[in-house]
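Participant:
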Amino acid sequence: MLISQLYYHPLGLQDILATSKKSPKLKGGAQISPLTPFIWQAKKQIRKIAKESPITFIQIGLGITIHLISLTTLISPTKLLFHSKLLENPANSYRVLTSFLVLGTTLFDVGKRSLSLFYTQAPLEAMFDQPLKPPGRYPEEEDDEKFVLGKPNFRFLTMQLMMMGMIVSIETLVFPNFNLTKKGGIIKVFPYTLYPILEHAIQWMWAMCTDERQTVAIAGFIRLEPVLVPLAMWALSGFDNGVSLLKGLAVAVSVGQVLQIKRWNGEDAVSWFAYISKSWYKWTRKQIDIMQSK
Numbered sequence: 001m002l003i004s005q006l007y008y009h010p011l012g013l014q015d016i017l018a019t020s021k022k023s024p025k026l027k028g029g030a031q032i033s034p035l036t037p038f039i040w041q042a043k044k045q046i047r048k049i050a051k052e053s054p055i056t057f058i059q060i061g062l063g064i065t066i067h068l069i070s071l072t073t074l075i076s077p078t079k080l081l082f083h084s085k086l087l088e089n090p091a092n093s094y095r096v097l098t099s100f101l102v103l104g105t106t107l108f109d110v111g112k113r114s115l116s117l118f119y120t121q122a123p124l125e126a127m128f129d130q131p132l133k134p135p136g137r138y139p140e141e142e143d144d145e146k147f148v149l150g151k152p153n154f155r156f157l158t159m160q161l162m163m164m165g166m167i168v169s170i171e172t173l174v175f176p177n178f179n180l181t182k183k184g185g186i187i188k189v190f191p192y193t194l195y196p197i198l199e200h201a202i203q204w205m206w207a208m209c210t211d212e213r214q215t216v217a218i219a220g221f222i223r224l225e226p227v228l229v230p231l232a233m234w235a236l237s238g239f240d241n242g243v244s245l246l247k248g249l250a251v252a253v254s255v256g257q258v259l260q261i262k263r264w265n266g267e268d269a270v271s272w273f274a275y276i277s278k279s280w281y282k283w284t285r286k287q288i289d290i291m292q293s294k
């Protein structure tokens, strides 16, 4: 489901149409296509995400490419998916990585999750991966005349790899027989993509770290605080796969606690989310008590 008008990617209709005034004019009185402002804005956003969120940019590209290749029958998606039983053969170890790159088995799933990457993971990566040192000259360096390009920050990559490792551990240890059937002494496995769990984990982490004063438009007209977006997206998907939603939440909270992730204002992300969750619980209990008293 499309999330529009986020603070990081303002793609509102009025903003896009306003760019038509800045679009290049054709000489000789030729008319500009109505799609030109949209194309111009899309190119601008693609360049921005490639520069500020390269991991997300590569992930979207690989996910779309893998799906397009699978449509040609050159490779079956099942060869890339995960199942704990398949890891008993070391030759299948590559599935641990590739199962996170398969965004979905249908074009709709791939498109929906690409948009989720664009609107939640990209701003989170840009927020996390600010250079440890901006470009410039630093007197403490051995060579004062040396221009430092800036020291990269790999906090987002570290967080994502830790999330992936935790997800694989959960699926291997807690759900060893998931998507597995036994018939006539033959074990038949049904491998699956691990990306949905990672998607929920990233969404929860983004919700914890984003400024709550910046409301988000869901479906173009429902405005919510970022912390409610993961639940809203789950509801709009028909409350599908709630187990993955809860796994993603558990992974996000665990990784946030280990890495001591901070919010946009420097506040501890996990502690803030615990406070919000407690307030939700109190409000829910109050509403239940009111209903029972009637």
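Okay, so the sequence shown: first residue is 1 according to the UniProt record's numbering, each after it adds one.
Even for Gly, the Cβ is constructed at its ideal location relative to N, Cα and C.
In this text the structure is predicted, and so the values were computed from the model without any measurement.
#1: May I ask you to list the residues that DSSP assigns as paired with Asp268?
#2: Can you find the residues in the same chain that come closer than 8 Å, C-beta to C-beta, to Ser254, ignoring five residues on each side of it along the sequence?
#3: From Ser84 to Val102, what distance separates their C-alpha atoms?
#4: Cutting at 6 Å between CB atoms, please list the residues of its own chain near Phe273, excluding the five before and the five after it.
#5: Can the beta-carbon of Leu71 be found less than 9 Å from the beta-carbon of Ser99?
#6: Return the Cβ separation of Trp264 and Thr210 in integer angstroms, given the expectation that the two are a contact with Cβ distance under 8 Å.
#7: With distances taken from CA atoms, which of Arg223, Lys51, Ile75 and Leu117 is nearest Asp129?
#8: Using beta-carbon positions only, say whether Met164 and Met205 come within less than 9 Å of one another.
#9: So, is Lys21 buried or exposed, given that buried needs 16 or more other C-beta atoms within 10 angstroms?
#10: To the nearest angstrom, how far is the alpha carbon of Ile46 from that of Ile197?
#11: In the DSSP assignment, find the unbroken alpha helix (DSSP H) run with Val168 in it and report its ends.
#12: Measuring alpha carbon to alpha carbon, tell me which residue in Lys247, Ser116 and Arg285 is nearest Ile60.
#13: My output table needs one value for Phe100: the three-state DSSP class, helix, strand or coil.
#14: Would you mind giving the Cβ-Cβ distance between Ser212 and Pro226, rounded to the nearest angstrom? I have them listed as a contact below 8 Å.
#15: Taking the straight line between their C-alpha atoms, what separation do you get for Leu62 and Pro191?
Facilitator: According to the data block:
#1: Lys262
#2: Met166
#3: 17 Å
#4: Met208
#5: no
#6: 7 Å
#7: Lys51
#8: no
#9: Confidence in Lys21 is poor, its pLDDT being 49 and thus under 50, which makes the residue's placement too unreliable to answer from.
#10: 25 Å
#11: Arg155 to Leu173
#12: Ser116
#13: helix
#14: Inspection of the sequence shows that residue 212 is occupied by Glu rather than by Ser. Glu212 to Pro226, Cβ: 6 Å. Contact.
#15: 20 Å
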